[in-house]
Amino acid sequence: MTDTGMETLTEPYYEALKRGELVVQHCKACNRNIMYPRHLCPFCYETDLSWVLSSGRGVLHSYAVQRLGPPSGFEDDLPYAVGVVKLDDGVQLLGRLWPDPDGEWSGYSCDGRVEFHGADAVEIGRRPVPWFRRAG
Amino acid sequence: MPDSDPASGAATASALPGRGSPEEAVFIGLGELPSGRYPDRPFMGQLVHAAVAAVRDAGLTVPDIDTILLIPCLHSFADQADLIFSRLVEELGLHGRAKSSFMLHSGGSTSDNTIRSAAGLIASGHARNVLVVQSEKWGSAPVGEMIDMLTANGIPREWEKLSGLTFNAVGALITCRYMAASGSTAADMASVCVALREWSRLNPNAMYRDRTLTVEEILNSKMVTDPLHALECPMLADGAVAFVMTSAGNARRAGRDAWVRIAGSGGCVSHYSIGQEADLAVLGWEKAGVDAYEQAGWGPQEADLAEVYDSYAAVLTSGLEGLGLAPKHEAARMFASGEFSPGGRLPVNTNGGLLSAGHTGVGGGSALLAEGVRQLLGRADPSRQVAGATRAVCGGTGGTYMDSQVLLLEGVAR
Chain X
1 MTDTGMETLT
11 EPYYEALKRG
21 ELVVQHCKAC
31 NRNIMYPRHL
41 CPFCYETDLS
51 WVLSSGRGVL
61 HSYAVQRLGP
71 PSGFEDDLPY
81 AVGVVKLDDG
91 VQLLGRLWPD
101 PDGEWSGYSC
111 DGRVEFHGAD
121 AVEIGRRPVP
131 WFRRAG
Chain C
1001 MPDSDPASGA
1011 ATASALPGRG
1021 SPEEAVFIGL
1031 GELPSGRYPD
1041 RPFMGQLVHA
1051 AVAAVRDAGL
1061 TVPDIDTILL
1071 IPCLHSFADQ
1081 ADLIFSRLVE
1091 ELGLHGRAKS
1101 SFMLHSGGST
1111 SDNTIRSAAG
1121 LIASGHARNV
1131 LVVQSEKWGS
1141 APVGEMIDML
1151 TANGIPREWE
1161 KLSGLTFNAV
1171 GALITCRYMA
1181 ASGSTAADMA
1191 SVCVALREWS
1201 RLNPNAMYRD
1211 RTLTVEEILN
1221 SKMVTDPLHA
1231 LECPMLADGA
1241 VAFVMTSAGN
1251 ARRAGRDAWV
1261 RIAGSGGCVS
1271 HYSIGQEADL
1281 AVLGWEKAGV
1291 DAYEQAGWGP
1301 QEADLAEVYD
1311 SYAAVLTSGL
1321 EGLGLAPKHE
1331 AARMFASGEF
1341 SPGGRLPVNT
1351 NGGLLSAGHT
1361 GVGGGSALLA
1371 EGVRQLLGRA
1381 DPSRQVAGAT
1391 RAVCGGTGGT
1401 YMDSQVLLLE
1411 GVAR
């Protein structure tokens, strides 16, 4: 799934998702959060990097609902939504969005509040991605 | 002109040969094949036909070319390898004569970066007559394979690919943000595609040169990736484009009566992964434009036309706004009122753009740039030639719109 040697970065992140948690990378040298995880801090270039639990809260910068033309392997997921979330932790990332009870995403809007709400372990085992839902 | 600041590392206008200098690089020839689905046109055949057309158009012969800069193809790794390992040099009979043949690659902005590089080689005396050439077979390739190829490249495989992100979703993320920020309606966005279709119907080389398009047809077409309808997504096309560049001194000596110079350029790489873009409705256009206009010594209000990357409508509207060619948040509504259509205030994407001339992969940006050069040489079809055009703003962007590259072109008549 990933390049040889990338596990140092991917495994702690994926393992947290499997526990139902969202973590972000943190540089202990300059005290800044980093996403996506890097090999060295892109702000101060030090390598003293750790992981911190994210608040999971943020605003939805934009989103898209895929209805046709998925990549191979995603045919049975249709329709599904992806969104770019700006976390209150000062970092941003792309994730999946839970549909509203009607199976659609019309309740979502740009700059609306969202919160991390992880998928179950089976889904995360299949595809370790963060999932978000609307928040009040 | 700002004082030169060695610490900044930025190129300034003073580092370039000035307007009228015999060393400065200029465009003197173009070649282009029609875009669309042409299964009987092989990749290398397209390449040599476009190349020879451009060389003849420049008033040169093929052996006059000493340097070939290759625009990459995306449909086949084997054809890409042929390019990298100089197959074109041999196909053109230049083996034993050509000084160098190589490829630069930044996706859809490649032609802008390649032209800048060619200009530097010419101005510094490292190259004399440069052929820049592109060929793509996207229109004949299986669509499903191309979707998987695009999903596997330019989208971080560890952090985003697993979410099912597609390139249409990338376009949709930009469109959704642009619509929210600007208050543009679905009909406003569709009108961008309609204006491009009006232009492509004047371009005999366009994929959609015969078929009309209306806002109603677009809004009634299937939703592919909200908010993008099927008729707002680019159609993959086969195509080929070539440019010949030399120095202004060579152009004059060769008896050319008109050429096109590069007045200024700017660029900004604003992200790699779409999830890291600070503002999906802005991208890197503003910074790119400021630098380019400063180098050129003229501004957007003095442009006669614009040719800006448009694989989705919102990519073009953000580009026009960032480059000062439309007030912020107004570009889509200005398309709806016809300001960028044939006969409008500012001609934009006069070949029909990627959305209606055809998306020839990396070549989509090359075709827009070729159209800018063509217009400034006064050699577009009369129905779409912009009368008296001397200044063009050309913009390209690659990957998930990771960079915004701008070339400001000026036509020069002897």
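Heads up: the protein sequence lines correspond to chains X and C, in order.
Letter by letter, the first sequence follows residues 1 to 136 in the working numbering.
Letter by letter, the second sequence follows residues 1001 to 1414 in the working numbering.
Quick reminder that beta carbons are idealized off the backbone N, C-alpha and C, glycines included.
Please read all numbers here as calculations on a predicted model, not as lab measurements.
- Uninterrupted alpha helix (DSSP H) stretches at least 4 residues long and entirely within the segment 1165 to 1195 of chain C occur at 1167 to 1182, given in chain order.
- With the criterion set as a beta carbon lying under 8 angstroms from some beta carbon of chain C, the members of the segment 109 to 131 of chain X are Ser109, Cys110, Asp111, Arg127, Pro128 and Val129, in sequence order.
- Spatial neighbours of Ala1370/C in its own chain (CB-CB distance under 7 angstroms, excluding positions within 5 residues in sequence) are listed in chain order as Leu1030, Glu1032, Val1241 and Phe1243.
- Residues of chain C whose Cβ lies closer than 8 angstroms to the Cβ of Arg133/X do not exist; the shortest such Cβ separation is about 15 angstroms.
- Ile1155/C and Ile1274/C have their C-alpha atoms roughly 8 angstroms apart.
- Taking all protein chains shown into account, Arg1097/C has fewer than 16 neighbouring C-beta atoms within 10 Å of its C-beta and is therefore exposed.
- Residues of chain C with a Cβ closer than 7 angstroms to the Cβ of His26/X do not exist; the shortest Cβ-Cβ separation is about 17 angstroms.
- When 8 angstroms is used as the limit between beta carbons, Val23/X is near no residue of chain C, the shortest such separation being about 13 angstroms.
- Residues of chain C with a Cβ closer than 8 angstroms to the Cβ of Thr10/X are, in chain order, Glu1158.
- Its chain contains Leu1202, Asn1203 and Pro1204 as the residues whose beta carbon lies nearer than 8 angstroms to that of Asp1381/C, once the 5 sequence neighbours on both sides are disregarded; these appear in chain order.
- Contact of Gly95/X with chain C is assigned, a C-beta pair being separated by under 8 angstroms.
- If you draw a straight line from the Cα of Arg1414/C to the Cα of Asn1250/C, it comes to about 13 angstroms.
- Put simply, the backbone Cα of Asn33/X is about 19 angstroms away from that of Asp1279/C.
- Segment contact: the segment 86 to 95 of chain X against the segment 55 to 63 of chain X, three or more CB-CB distances shorter than 8 angstroms; contact assigned.
- Comparing alpha-carbon positions, the option among Glu1286/C, Gly1361/C, Phe1043/C and Asp1304/C lying closest to Asp1310/C turns out to be Gly1361/C.
- The three-state reading of DSSP puts Phe1077/C in helix, counting H, G and I together.
- Judged by their CB atoms, Glu1091/C and Val1048/C are nearer to each other than the 8 angstroms cut-off.
- Between Leu1409/C and Ile1115/C, the alpha-carbon positions lie close to 11 angstroms from each other.
- Taking C-alpha positions only, Val1412/C is separated from Gln1375/C by approximately 12 angstroms.
- In this structure Gly1183/C touches His1329/C by the C-beta definition: roughly 7 angstroms separates them, less than 8 angstroms.
- Note that the C-beta distance between Ser1356/C and Ser1200/C is below 8 angstroms.
- Within 10 angstroms of the beta-carbon of Cys1193/C lie 16 or more other beta-carbons, which makes it buried.
- By the neighbour-count criterion, in which a residue is buried when 16 or more other Cβ atoms sit within 10 angstroms of its Cβ, Pro1022/C is exposed.
- Against chain C, the beta carbon of Asp77/X has neighbours under 9 angstroms at Gly1164, listed in chain order.
- Taking a C-beta distance under 8 angstroms as the contact criterion, Glu1024/C and Arg1384/C do not qualify as a contact pair.
- Here the C-alpha atom of Tyr1038/C lies approximately 8 angstroms from the C-alpha atom of Lys1137/C.
- Sorting Gly1266/C, Tyr1178/C and Ala1237/C by C-alpha distance to the C-alpha of Val1143/C places Ala1237/C at the top.
- If you check each beta-carbon in the segment 50 to 75 of chain X against every beta-carbon of chain C, the ones closer than 9 angstroms belong to His61, Ser62, Tyr63, Ala64, Val65, Gln66, Arg67, Leu68, Gly69, Pro70, Pro71, Ser72, Gly73 and Phe74.
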